[in-house]
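Student: If you count by this note's numbering, then the sequence shown holds residues 754 to 925, one letter each, in order.
Please read through the structure below; I'll follow up with questions.
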Amino acid sequence: MSDIKIPDGVTVTQEADSISAKGKNGELSVKTHEFINIKIDNNIVVISAKKETKQAKALWGTTRANVANIIKGVSEGFEKNLELSGVGYRAQVQGSKIILNLGYSHPVEMLIPPGIKVTSEKPTELKLFGANRQLLGQFAANVRSKRPPEPFKGKGVKYVNEFIFRKEGKKK
Numbered sequence: 754m755s756d757i758k759i760p761d762g763v764t765v766t767q768e769a770d771s772i773s774a775k776g777k778n779g780e781l782s783v784k785t786h787e788f789i790n791i792k793i794d795n796n797i798v799v800i801s802a803k804k805e806t807k808q809a810k811a812l813w814g815t816t817r818a819n820v821a822n823i824i825k826g827v828s829e830g831f832e833k834n835l836e837l838s839g840v841g842y843r844a845q846v847q848g849s850k851i852i853l854n855l856g857y858s859h860p861v862e863m864l865i866p867p868g869i870k871v872t873s874e875k876p877t878e879l880k881l882f883g884a885n886r887q888l889l890g891q892f893a894a895n896v897r898s899k900r901p902p903e904p905f906k907g908k909g910v911k912y913v914n915e916f917i918f919r920k921e922g923k924k925k
């Protein structure tokens with residue numbers, strides 16, 4: 754389905770080569786391709802391909818997903834939850850950076866990109882919130898990459914709903 758409903762409180766505008774959405778969580782825009790038609794009327798965005806080629810169909814699906822993501826991002830936002838498991842593993846947010854203790858000889862500091870809010874209610878949990886889905890997912894992956902979960906004891910940084918396949922240790 755190529756129709757995207759625009760929720761209340763969100764304004765969507767179209768320029769020559771981009772479409773932008775503005776809402777309570779900020780303003781986002783995405784570039785459009787020349788193979789794609791976009792019409793906005795009655796709070797519905799209709800996206801269609803100009804030609805029936807393989808490239809136009811692929812760009813149609815990608816453009817539709819990107820436009821739906823920016824509309825949802827400025828209206829509701831996206832959230833990623835990370836969990837730190839391991840003895841002494843903890844995280845704390847200080848201003849615009851995260852300080853992670855991940856079993857290394859030094860704490861790992863990471864700057865929080867603009868547009869992302871990070872909270873830590875427990876020392877072993879991080880909640881990431883942002884309007885830009887791509888930026889949020891990339892930052893969550895960067896935090897996870899500092900100590901990915903290992904398969905023997907499951908120690909490391911993982912997503913809350915992520916399943917870690919556990920391996921059996923050495924046998925005597």
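Don't be surprised by glycine CBs; every beta carbon is placed ideally from N, CA and C.
With distance defined between alpha-carbon atoms, name the residue in N885, T815 and L837 nearest to P867.
Tutor: The sequence position of residue 867 within the sequence shown is 114, counting from 1. With distances taken between Cα atoms, P867 lies closest to N885.
Student: For V783, which three-state DSSP category applies?
Tutor: As a first step, residue 783 is located in the sequence shown; it is residue number 30 there, counting from the start. Note: V783 maps to strand in three-state DSSP.
Student: Determine, using beta-carbon pairs with one atom in the segment 865 to 883 and one in the segment 796 to 806, whether at least three such pairs fall under 8 Å.
Tutor: In short, these stretches do not touch, since the Cβ pair count stays below three.
Student: Can you list, in chain order, the residues of its chain whose CB lies under 8 Å from that of N819, leaving out five sequence neighbours each side?
Tutor: Mapped onto the sequence shown, residue 819 falls at position 66. Here the set comprises V783.
Student: Which parts of the segment 795 to 876 are runs of the beta strand (DSSP E), unbroken and 3 residues or longer, counting only runs that do not cross its ends?
Tutor: Runs of the beta strand (DSSP E) inside the segment 795 to 876: 797 to 802, 831 to 838, 843 to 847, 850 to 854, 861 to 864 and 869 to 872.
Student: What residues in its chain sit with their C-beta under 8 Å from that of E920, if we drop five residues either side in the sequence?
Tutor: Position 167 of the sequence shown, counted from the first residue, corresponds to residue 920. Sequence inspection shows Lys at residue 920; the Glu mentioned does not correspond to that position. Only P904 and F905 meet the Cβ criterion.
Student: Buried or exposed for L881, please, with buried defined as at least 16 other CB atoms from any protein chain shown within 10 angstroms of its CB.
Tutor: Locating residue 881 in the sequence shown gives position 128, where the first residue counts as 1. By the neighbour-count rule (16 or more Cβ atoms within 10 Å), L881 is buried.
Student: On the criterion of 16 or more Cβ atoms from any shown chain inside 10 Å, does T816 qualify as buried, or is it exposed?
Tutor: For this step, residue 816 is matched to residue 63 along the sequence shown. So T816 counts as buried.
Student: Leaving out the 5 sequence neighbours to the left and right, which residues in its chain are closer than 6 Å to P901 when beta-carbon positions are compared?
Tutor: Position 148 of the sequence shown, counted from the first residue, corresponds to residue 901. Correct list, in chain order: G909.
Student: Within the same chain, show all residues whose beta-carbon is closer than 7 Å to that of G776, passing over the 5 residues directly before and after it, in chain order.
Tutor: Taking the sequence shown and counting its residues from 1, the one referred to as residue 776 is at position 23. G762, V763, V827 and S828.
Student: Determine the DSSP secondary structure at F892, reduced to helix, strand or coil.
Tutor: On the sequence shown, position 139 is the one that residue 892 refers to. Helix.
Student: Under 8 Å between the Cβ atoms of K850 and L864?
Tutor: Position 97 of the sequence shown holds residue 850. Position 111 of the sequence shown holds residue 864. Contact flag set, yes.
Student: Under DSSP, the beta strand (DSSP E) around I757 begins and ends at which residues?
Tutor: Here the question's residue 757 lines up with position 4 in the sequence shown. Counting along the chain, the beta strand (DSSP E) containing I757 begins and ends at D756 to K758.
Student: Go to E768, then tell me how far its beta strand (DSSP E) extends in each direction, as first and last residue.
Tutor: Here residue 768 refers to the residue found at position 15 of the sequence shown. Per DSSP, E768 belongs to no beta strand (DSSP E) and is neither H nor E.
Student: With 16 as the cutoff for other CB atoms within 10 Å, does T785 come out buried or exposed?
Tutor: Here residue 785 refers to the residue found at position 32 when the sequence shown is read from its first residue. T785 comes out buried.
Student: For I926, count the other beta carbons within 10 Å of its own beta carbon; 16 or more makes it buried, fewer makes it exposed. Which is it?
Tutor: Past the edges of the chain, shown from 754 to 925, lies residue 926, and the structure says nothing about it.
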